[in-house]
Amino acid sequence: MSGLVHTLIDPFLSFAFMRTALVACLALALANGPIGTLLLLRRMSLDGDVLSHAVMPGAALGFLYAGYSLAALSLGGLLTGALVAASAGLVARWQPKRKEASLAAFYLVSLALGVIVVSLRGSNADLMHVLFGTVLAVDIRGLMFIATVSSATLLIVAAIYRPLAVESFDPAFLRAIGGGGGLFRDIFLALVVLNLVSSFQAFGTLLAIGPMLLPAAAALCWTRRIWPAIALNIALGLVADYAGLLLSYHANLPSGPSIVAAGGILYAVSLIATGLARTERAFAPGG
Amino acid sequence: MGNSSNTARRRRSIEAIPRLARAAIAAVRHALVWFLQAAGRQVGSFARRHLDGGYRPEVSEQGAPRQGASIEVRNLSVAYRDRPAVQDLTGQFAAGSLTAVVGPNGAGKSSLLKVLAGILRAQTGEVRSPASAERFAYLPQQSELDRDFPVTVGELVALGGWRSFGAFRHPPDTLPARIADAMGTAGLEGFGARQIADLSAGEFQRALFARILVQDAAVVLLDEPFTAVDERTTGDLLQLVQCWHREGRTVIAVLHDIDQVREHFPSTLLLARSCIAWGDTRAVLTPDNLARASRTLAASRPDPVAA
Numbered sequence: 037m038s039g040l041v042h043t044l045i046d047p048f049l050s051f052a053f054m055r056t057a058l059v060a061c062l063a064l065a066l067a068n069g070p071i072g073t074l075l076l077l078r079r080m081s082l083d084g085d086v087l088s089h090a091v092m093p094g095a096a097l098g099f100l101y102a103g104y105s106l107a108a109l110s111l112g113g114l115l116t117g118a119l120v121a122a123s124a125g126l127v128a129r130w131q132p133k134r135k136e137a138s139l140a141a142f143y144l145v146s147l148a149l150g151v152i153v154v155s156l157r158g159s160n161a162d163l164m165h166v167l168f169g170t171v172l173a174v175d176i177r178g179l180m181f182i183a184t185v186s187s188a189t190l191l192i193v194a195a196i197y198r199p200l201a202v203e204s205f206d207p208a209f210l211r212a213i214g215g216g217g218g219l220f221r222d223i224f225l226a227l228v229v230l231n232l233v234s235s236f237q238a239f240g241t242l243l244a245i246g247p248m249l250l251p252a253a254a255a256l257c258w259t260r261r262i263w264p265a266i267a268l269n270i271a272l273g274l275v276a277d278y279a280g281l282l283l284s285y286h287a288n289l290p291s292g293p294s295i296v297a298a299g300g301i302l303y304a305v306s307l308i309a310t311g312l313a314r315t316e317r318a319f320a321p322g323g
Numbered sequence: 004m005g006n007s008s009n010t011a012r013r014r015r016s017i018e019a020i021p022r023l024a025r026a027a028i029a030a031v032r033h034a035l036v037w038f039l040q041a042a043g044r045q046v047g048s049f050a051r052r053h054l055d056g057g058y059r060p061e062v063s064e065q066g067a068p069r070q071g072a073s074i075e076v077r078n079l080s081v082a083y084r085d086r087p088a089v090q091d092l093t094g095q096f097a098a099g100s101l102t103a104v105v106g107p108n109g110a111g112k113s114s115l116l117k118v119l120a121g122i123l124r125a126q127t128g129e130v131r132s133p134a135s136a137e138r139f140a141y142l143p144q145q146s147e148l149d150r151d152f153p154v155t156v157g158e159l160v161a162l163g164g165w166r167s168f169g170a171f172r173h174p175p176d177t178l179p180a181r182i183a184d185a186m187g188t189a190g191l192e193g194f195g196a197r198q199i200a201d202l203s204a205g206e207f208q209r210a211l212f213a214r215i216l217v218q219d220a221a222v223v224l225l226d227e228p229f230t231a232v233d234e235r236t237t238g239d240l241l242q243l244v245q246c247w248h249r250e251g252r253t254v255i256a257v258l259h260d261i262d263q264v265r266e267h268f269p270s271t272l273l274l275a276r277s278c279i280a281w282g283d284t285r286a287v288l289t290p291d292n293l294a295r296a297s298r299t300l301a302a303s304r305p306d307p308v309a310a
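Order-wise, the sequence lines are chains D and X. First residue of the first sequence? That's 37 in our numbering, and the numbers climb one at a time after it. First residue of the second sequence? That's 4 in our numbering, and the numbers climb one at a time after it.
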C-alpha cells in the first residue's frame, strides 16, 4: 500500500521541476476546459489544429531573434497565430467551398516555415523542443505566464458565456436579434490562440492542441450539457496530466507525449464505455 | 531684523511643502478618477453597443404594439457565397400581409429572407421598415442548425426572450411563464428538459416556432418552415402562421409547395433572382409565370427545378 502511495506521489515530493510541471498542466487544464469543449461543439477542431501550427513560425522567429526567451517566443507565436486566424477567416468568407483545403494549406505551410526558421540557427534538439515542447523545463516565469493566461481565459469565458454559447449554436439568431455575432467568434478565436501560445512551451506546436481536445472529446461522450461537459473536461484533463507525468517519470518517457497519450486513452475508454452502454440500452428488452 | 524675517519666510515655505504635496496628490487623484470614469464609460458603451446589442427591454415590454410593419425593398441586390442571388428587387410587403416567396432552387429566396432579417448584407439597394430590427423574428432552414448541439428545448425557446435579458442580465421573472405558454401553443408541453438532439424534425420545428412565439415579433420571416416536417405538424404550424396573420403581424415565408401557397397565402412573390411577379397569389401563380421563372434561372444554371 505504502509502496503504491510512494509511486504515486514521490516524484512530485522529490523534484521541484515535477511539481512545477504538474501545476502548469493543472493551470492549462482549467482554461482548456471551456476552450476545448467550445471548439468541439463549434466543430472547429480542424481550425484549432491549424492555429496550433500557426503559432510555430512566429515562435521560431522569436527563437531566432532571442533564443529561449519566453517573451519573444510567446509574442512571435501570438502574432503569427492571430495573422493566420484572421486570414483563415477571410478565406473562409471569400471562398467558402475551399475552406477545408485552405485550412490544410495554412497548417502545412506554417509547419514548414517554422521548421525552416528554427533550422536556420537551432539544432535538432531545438527543433524537437519547438515541435513537442518540454513540460519539465517550465520555470516559475513560464508558470506565471500560463497561470495568467488561464485566469484571464476563465474570466473572459465566464463573462461572455451566454452569447458565446448561443453564437456557437445559432449565430444567425444572435445576429438577427442584434446581439452581435462575429465579435464573439473573434474573441473566442483570440482566446484559442492565446491558450495555444501558453501551451506551446509545455507541449510544442504539434501537441498543444492535444490536451485541449482529447479530454473535451472524452467529456462530451458522457454528458450532453455544456456546463457539466466543461467541468468533466477539466477533471479528465487533470487526470490525464497527472497520469501522463507519472508515466513519463517511471517509464522514462517524454512527458508531453505521455500526457497526450493519457488523454487519448481516456477518450478511447469513454468512447467504448458509452458506446457499449448505448448498444445495451438499444437492445434491452422493452427498451 | 532681516535675518529673522528670512528665517520666517523660509519656515513658511517649508510649511507650504506638505500642503502643496497634498494639493498635487489630490489633483493627480482627481485626474485619475476622471480618467477611470471616462474609460469606464467608454468600455460600458462599447460593451452595450457591441457585446449586448440585443438587450432592448423597452421593446420586449408586454403590450408593445404587435401590429405588423410594412417592409419596403428598393433596388435590392444580394450575393450569397460569391454568387449573385437576388438582382434588383423593388417592391413592398404591406403591413400585416401574409406573403409566400416561391421560385426555383437557387432563385435567391433564402438570401432575400436573410437580408430582411439583417443576417446578410445587401450589395446594393436598401430595405426600409418602420419596425426596428429587433422586431423581426427569423426561422432558419433546419439544415443550418446543428441539431446535435447540447441544448434543451426550454433553453432554445427561452432565447426568444433575448431582448429582455441580453448577454449578461438575469432573465425576468415573467419569462418562464411565457416559455411554458409558447411551448403549449406549439404543442410541446412538457418537452422543456429534453435535448434537441432527441427531437424529431417536426418537434424541432415546433420548438423553433415556440421561440418565435416568445419573441412576439412584428415581422416573422420563415425559411422553408415545412420542409422535412410531417403532415400533422405542418397543419399545426400552418394554423400558427394563420394566427399570426390574424393578429396583424407581417409574415413572409419561403415555400415550395405551390398548392399549400394557393390555399393559405393571400400574397406571393415569385422570384428567379429577379422578380417575376409579386402580388395577389392567384394572379402570380399562373402556369405562364411559373414557366417563365424556370426559364429565367435555367438560362444561367443547368439544374432548374420547377417550384
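We put the beta carbon where it would ideally sit given N, CA and C, even for glycine.
### Task
State buried or exposed for residue 39 of chain D, treating a residue as buried only when at least 16 other CB atoms are found within 10 Å of its CB.
Along the first sequence, one-based indexing puts residue 39 of chain D at 3. Its Cβ having fewer than 16 others within 10 Å, residue 39 of chain D is exposed.
### Message
For residue 153 of chain D, which residues in the same chain have their Cβ closer than 7 Å to its Cβ, ignoring the five residues on either side in sequence?
### Response
For the purposes of this step, residue 153 of chain D is taken as residue 117 along the first sequence, with counting starting at 1. Result list for residue 153 of chain D: 93, 96, 97 and 100, in chain order.
### Message
Any contact between the region 233-253 of chain D and the region 292-304 of chain D? By contact I mean 3 or more CB pairs, one from each, below 8 Å.
### Response
yes
### Query
Can the beta-carbon of residue 251 of chain D be found closer than 8 Å to that of residue 117 of chain D?
Position 215 of the first sequence, counting from 1, holds the residue named residue 251 of chain D. Position 81 of the first sequence, counting from 1, holds the residue named residue 117 of chain D. No, they are not a contact pair.
### Query
In its own chain, which residues sit with a C-beta less than 8 Å from the C-beta of residue 150 of chain X, not counting the 5 before and 5 after it?
The count along the second sequence starts at 1 and reaches residue 150 of chain X at position 147. These residues qualify, in order along the chain: 199, 200, 202 and 207.
### Task
Please report the residue range of the alpha helix (DSSP H) in which residue 237 of chain D lies.
To locate residue 237 of chain D, count along the first sequence from 1; it is residue 201. That run of the alpha helix (DSSP H) goes 218-243.
### Query
In three-state DSSP terms, what is residue 58 of chain X?
For the purposes of this step, residue 58 of chain X is identified with residue 55 of the second sequence, where counting begins at 1. Residue 58 of chain X falls in the coil class under three-state DSSP.
### Task
Using the DSSP secondary-structure output, state which residues sit across from residue 311 of chain X in a beta bridge.
Examination of residue 311 of chain X is not possible in this model, given that chain X is present from 4 through 310 alone.
### Query
What does residue 198 of chain X reach in chain D if we use C-beta pairs closer than 7 Å?
By one-based count along the second sequence, residue 198 of chain X stands at place 195. 260, listed in chain order.
### Query
Along chain D, in chain order, which residues have C-beta atoms closer than 8 Å to that of residue 121 of chain X?
To locate residue 121 of chain X, count along the second sequence from 1; it is residue 118. Under the 8 Å cutoff, chain D gives 211, 212 and 214.
### Query
In terms of residues, what are the limits of the alpha helix (DSSP H) holding residue 251 of chain D?
Residue 251 of chain D sits at position 215 when you count from the first residue of the first sequence. 246-258 is the span of the alpha helix (DSSP H), which, as asked, contains residue 251 of chain D.
### Task
Starting from residue 78 of chain X, follow the beta strand (DSSP E) in both directions and report where the run begins and ends.
To locate residue 78 of chain X, count along the second sequence from 1; it is residue 75. Taken as a continuous stretch (DSSP letters only), the beta strand (DSSP E) holding residue 78 of chain X covers 74-83.
### Message
Less than 6 Å between C-beta atoms, sequence neighbours within five positions excluded: which residues of the same chain meet that for residue 144 of chain X?
### Response
Within the second sequence, residue 144 of chain X is the residue found at index 141, counting from 1. Same-chain partners within the cutoff: 226 and 227.
#### Entry: Other residues of its chain near residue 179 of chain D: CB distance less than 7 Å, five sequence neighbours each side excluded
The count along the first sequence starts at 1 and reaches residue 179 of chain D at position 143. For residue 179 of chain D, where only same-chain residues beyond five positions count, the Cβ hits under 7 Å are 56, 59 and 60.
### Message
Would residue 230 of chain X pass as an interface residue toward chain D - the criterion being a Cβ-Cβ separation below 8 Å?
### Response
Stepping through the second sequence from its first residue, residue 230 of chain X is reached at position 227. No, its Cβ sits nowhere closer than 8 Å to a Cβ of chain D.
### Partner residues on chain X for residue 75 of chain D, Cβ-Cβ distance less than 8 Å
Position 39 of the first sequence, counting from 1, holds the residue named residue 75 of chain D. Residues of chain X passing the Cβ test: none, with the nearest at roughly 13 Å.
### Message
Determine whether the beta carbon atoms of residue 306 of chain D and residue 254 of chain D lie at a separation below 8 Å.
### Response
Start at 1 with the first residue of the first sequence, and residue 306 of chain D comes out as number 270. Start at 1 with the first residue of the first sequence, and residue 254 of chain D comes out as number 218. Yes.
### Outcome for residue 158 of chain X when other beta-carbon atoms lying within 10 angstroms are tallied against a minimum of 16
Position 155 of the second sequence, counted from the start, is the residue given in the question as residue 158 of chain X. Per the 10 Å Cβ criterion, buried.
### Message
I'd like to know whether the C-beta of residue 251 of chain X is nearer than 8 Å to at least one C-beta of chain D.
### Response
Taking the first residue of the second sequence as position 1, residue 251 of chain X is located at position 248. Not closer than 8 Å to any Cβ of chain D, the Cβ of residue 251 of chain X fails to qualify, so no.
### For residue 122 of chain D and residue 245 of chain D, the rounded distance between their alpha carbons
On the first sequence, position 209 is the one that residue 245 of chain D refers to. On the first sequence, position 86 is the one that residue 122 of chain D refers to. Distance between the alpha carbons of residue 245 of chain D and residue 122 of chain D is about 19 Å.
### Task
Would you tell me roughly how many angstroms separate the C-alpha atoms of residue 186 of chain X and residue 171 of chain D, rounded to the nearest one?
Against the second sequence, residue 186 of chain X aligns to sequence position 183. Against the first sequence, residue 171 of chain D aligns to sequence position 135. Their Cα atoms are separated by approximately 52 Å.
### Task
Check the Cβ-Cβ distances between residue 42 of chain X and every residue of chain D, and say whether any is below 8 Å.
Within the second sequence, the letter at position 39 stands for residue 42 of chain X. Answer no: the Cβ-Cβ gap between residue 42 of chain X and chain D never drops below 8 Å.
### Message
Contact criterion: CB-CB distance below 8 Å. Does residue 212 of chain X meet it with respect to chain D?
### Response
In the second sequence, counting from the first residue as 1, residue 212 of chain X sits at position 209. Not an interface residue.
### Query
Cα-Cα, which of X/75, X/86 and X/105 is closest to residue 93 of chain X?
Against the second sequence, residue 93 of chain X aligns to sequence position 90. Out of X/75, X/86 and X/105, X/75 has the C-alpha closest to the C-alpha of residue 93 of chain X.
### Message
What does the alpha-carbon distance come out to for the pair residue 194 of chain X and residue 292 of chain X?
### Response
Within the second sequence, the letter at position 191 stands for residue 194 of chain X. Within the second sequence, the letter at position 289 stands for residue 292 of chain X. One C-alpha to the other measures close to 44 Å.
### Task
Give me the Cβ distance between residue 88 of chain D and residue 281 of chain D, rounded to the nearest whole Å; I'm assuming they're in contact under 8 Å.
If you number the first sequence from 1, residue 88 of chain D lands on position 52. If you number the first sequence from 1, residue 281 of chain D lands on position 245. At roughly 21 Å, the Cβ-Cβ gap does not stay under 8 Å, so residue 88 of chain D and residue 281 of chain D are not in contact.
### Message
Please state whether the Cβ-Cβ distance between residue 102 of chain X and residue 272 of chain X is less than 8 Å.
### Response
Walking along the second sequence from the start, residue 102 of chain X turns up at place 99. Walking along the second sequence from the start, residue 272 of chain X turns up at place 269. It is a contact, given that the beta carbons lie within the stated cut-off.
### Query
chain D beta carbons: is any one of them nearer than 8 Å to that of residue 202 of chain X?
The residue you call residue 202 of chain X lines up with position 199 of the second sequence. No, because no Cβ of chain D sits closer than 8 Å to the Cβ of residue 202 of chain X.
### Task
Rounded to whole angstroms, what's the CA-CA distance from residue 127 of chain D to residue 138 of chain D? Just pull it up for me.
Taking the first sequence and counting its residues from 1, one reaches residue 127 of chain D at position 91. Taking the first sequence and counting its residues from 1, one reaches residue 138 of chain D at position 102. Cα-Cα distance, rounded: 7 Å.
### Query
According to the Cβ coordinates, are residue 62 of chain D and residue 274 of chain D closer than 8 Å?
The residue labelled residue 62 of chain D in the question sits at position 26 within the first sequence. The residue labelled residue 274 of chain D in the question sits at position 238 within the first sequence. In contact: residue 62 of chain D and residue 274 of chain D (Cβ atoms closer than 8 Å).
### Task
Just the C-alpha distance for residue 136 of chain X and residue 222 of chain X, rounded to the nearest angstrom, thanks.
For the purposes of this step, residue 136 of chain X is taken as residue 133 along the second sequence, with counting starting at 1. For the purposes of this step, residue 222 of chain X is taken as residue 219 along the second sequence, with counting starting at 1. Whole-angstrom Cα-Cα distance: 9 Å.
### Task
Return the chain-ordered ranges of every alpha helix (DSSP H) run that is complete within the region 78-120 of chain D and spans a minimum of 4 residues.
81-102
### Message
I'd like the span of the alpha helix (DSSP H) that includes residue 51 of chain D, first residue to last.
### Response
Counting from one through the first sequence, the residue named residue 51 of chain D turns up at place 15. Where residue 51 of chain D is concerned, there is no enclosing alpha helix (DSSP H), given that its DSSP letter is neither H nor E.
### Task
Examine the Cβ distances between the region 75-89 of chain X and the region 241-253 of chain X and report whether three or more of them are shorter than 8 Å.
no
### Task
Name the two residues that bound the continuous alpha helix (DSSP H) containing residue 190 of chain D.
Reading the first sequence from its first residue, position 154 is the one you call residue 190 of chain D. Residues 176-195.
### Query
In chain order, what residues of the same chain lie with their CB nearer than 6 Å to the CB of residue 266 of chain D, ignoring the 5 residues before and after it?
Mapped onto the first sequence, residue 266 of chain D falls at position 230. Once the five neighbours on either side are set aside, the close Cβ partners of residue 266 of chain D are 69, 70 and 73.
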